[in-house]
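Following: one structure in structure tokens, then a few remarks.
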Amino acid sequence: MRIAFLLTSSLTSPYGLGRCFPLARQIASAGHEVHIVTLHHNLGPTVPRHFQQEGVWVHYAGQMHVRKVADTTLYFGAPRLLQVTLAGTAGLLRQALKLDADVYHIGKPHPQNSCAGWLAARLLRSRPLFLDCDDLEAAINHFGGIWQKRGVAWLEDRVPHWVDGVTVHSRFLESRLQTLGILPGRILRLPTGIDSQRFQPPSSASVARWRAALELGNNRAVTYIGTMALANHPVDLLLAAFARLSRRVQDVLLLMVGGGSDLATVQDRAIQLGIADRCRFTGRVSAEDIPVLLSLTYVSVDPVHDDLIARARWPLKIVESLATGVPVVTGDVGDRREMLGEGTAGLLVSPGNAAALASGLEAILTDPHLRQRLAKGCLAQATRYNLADLATSLLTFYQRLRL
Numbered sequence: 003m004r005i006a007f008l009l010t011s012s013l014t015s016p017y018g019l020g021r022c023f024p025l026a027r028q029i030a031s032a033g034h035e036v037h038i039v040t041l042h043h044n045l046g047p048t049v050p051r052h053f054q055q056e057g058v059w060v061h062y063a064g065q066m067h068v069r070k071v072a073d074t075t076l077y078f079g080a081p082r083l084l085q086v087t088l089a090g091t092a093g094l095l096r097q098a099l100k101l102d103a104d105v106y107h108i109g110k111p112h113p114q115n116s117c118a119g120w121l122a123a124r125l126l127r128s129r130p131l132f133l134d135c136d137d138l139e140a141a142i143n144h145f146g147g148i149w150q151k152r153g154v155a156w157l158e159d160r161v162p163h164w165v166d167g168v169t170v171h172s173r174f175l176e177s178r179l180q181t182l183g184i185l186p187g188r189i190l191r192l193p194t195g196i197d198s199q200r201f202q203p204p205s206s207a208s209v210a211r212w213r214a215a216l217e218l219g220n221n222r223a224v225t226y227i228g229t230m231a232l233a234n235h236p237v238d239l240l241l242a243a244f245a246r247l248s249r250r251v252q253d254v255l256l257l258m259v260g261g262g263s264d265l266a267t268v269q270d271r272a273i274q275l276g277i278a279d280r281c282r283f284t285g286r287v288s289a290e291d292i293p294v295l296l297s298l299t300y301v302s303v304d305p306v307h308d309d310l311i312a313r314a315r316w317p318l319k320i321v322e323s324l325a326t327g328v329p330v331v332t333g334d335v336g337d338r339r340e341m342l343g344e345g346t347a348g349l350l351v352s353p354g355n356a357a358a359l360a361s362g363l364e365a366i367l368t369d370p371h372l373r374q375r376l377a378k379g380c381l382a383q384a385t386r387y388n389l390a391d392l393a394t395s396l397l398t399f400y401q402r403l404r405l
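Under this note's numbering, the first residue of the sequence shown is numbered 3, with each subsequent residue one higher.
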């Protein structure tokens, strides 16, 4: 079977790196021909357009709706955005038609890939079409105008009705689709799996290099891995919690891994709180560096408020922590309790509460036996999200709804 995933972000993005590519690679290893047709965050003459990676064909068909350079996300003005969007849609459609796939799967209900996927599957031929939802797109994305947000919200509600089946990772999104009128039999809950190939033990040289670069010394690292965008990643909550924690626990540093539009604002906030000397900001790092940084981590953090954004997510940072045996402290929102095995792989605290977040971190930092027990729980919980099992579920879903 030839399967084409249609995305709108590079494979280095959390969605491409953590959800789509590992699943595609697993399906390819089962003997299927798998293609990922997508857009690039900084398309230029040096970016390869067509290549094979670990058994999966990758096709970069155009520029993303934003440009990401180093730690900065650059947004296009309205006229240029329209031009980039149309060009990206046309590029995705051309490549999707050329592939003539047996199954098309839209990764996120964005305008470019939704239009290209529907046209490729429905306009000239009748091919099975699927959609993957992993977020509330109208809530998390940056928009230059209200018309853009309303357009994305409309697509988010309508595209599920245009396809044969929808995959989701969280129970919230599953329930939301049913509220929109999608029959339960057309929905597959498909959590993001553990990519064991990516999370092999890092080399001692790479660990030593990062330890020296971060000037960790004998300190223990409390680590956040994610985007520095305050609109949908409340890292300011984490900074407030760490300011409290640092007054009670001395041998601890806050490791902030990732870039984003609010990176400078977050760094300024650390200065205002008087914790800048105990913070380490890495900016964007490569996929290969994440396992290394987690190997230096004592406890990881997923700061959240109790809002729709948090309820909809299945956080990649928690998946990565499970894979490496690093306990997590997060708010008890959405599927996080399930992800952490009812608290066997981390601590669940009151969401949006800096004092509660600080207390959860302190509990692990001051009780090595608790930390050891939770680390074992992480590895045990990781076995529940086996990629081979998830790929089998998806292929069965395809077969059932293709008939």
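For every residue, glycine included, the Cβ atom is placed at its ideal position computed from N, Cα and C.
What is the residue span of the alpha helix (DSSP H) that H112 lies within? Neither: H112 is in no alpha helix (DSSP H) and is coded neither H nor E.
Taking G187 as the reference, give the member of S177, A26, P193 and G195 with the closest Cα. S177
What distance in whole Å lies between the Cβ atoms of L190 and L396, which are believed to be in contact at a cut-off of 8 Å? 7 Å
Length of the line joining the Cα atoms of R222 and Q28: 35 Å
Return the first residue and the last residue of the beta strand (DSSP E) that L349 is part of. G348 to V351
Do R148 and F132 have their CB atoms nearer than 8 Å? One detail in the question is off: residue 148 reads as Ile in this sequence, not Arg. Result no, Cβ atoms of I148 and F132 do not sit closer than 8 Å.
Taking the alpha helix (DSSP H) that S323 falls in, what are its first and last residues? L318 to T326
Under 8 Å, with one C-beta from each stretch per pair, do the segment 247 to 262 and the segment 282 to 296 reach the 3-pair mark? yes
Could you give the distance in angstroms between the alpha-carbon of M66 and the alpha-carbon of P16? Annotation: M66 to P16 spans about 15 Å, alpha carbon to alpha carbon.
Whole angstroms are fine: how far does the CA of G333 sit from the CA of L241? 15 Å
What is the C-beta distance between P305 and V237, in whole angstroms, given that I count them as a contact (C-beta under 8 Å)? 6 Å
Just list the residues that DSSP pairs Y62 with in beta bridges. T40
Sort V294, L216, L342 and D369 by Cα distance to V251 and report the nearest one. D369
From the DSSP output, in three-state form, read off D279 for me. helix
From A207 to G327, what distance separates their C-alpha atoms? Each residue's alpha carbon lies about 21 Å from the other.
Is the CB-CB distance between A243 and A360 below 8 Å? yes
Does DSSP put T181 in a helix, in a strand, or in coil? helix
Assuming contact is defined by CB atoms lying nearer than 8 Å, are L192 and H171 in contact in what I supplied? For L192 and H171, yes; Cβs fall inside 8 Å.
CA-CA distance, Q274 and T75? 24 Å
Pull up the CB-CB distance for L185 and I311, whole angstroms please, since I reckon it's below 8 Å. At roughly 26 Å, the Cβ-Cβ gap does not stay under 8 Å, so L185 and I311 are not in contact.
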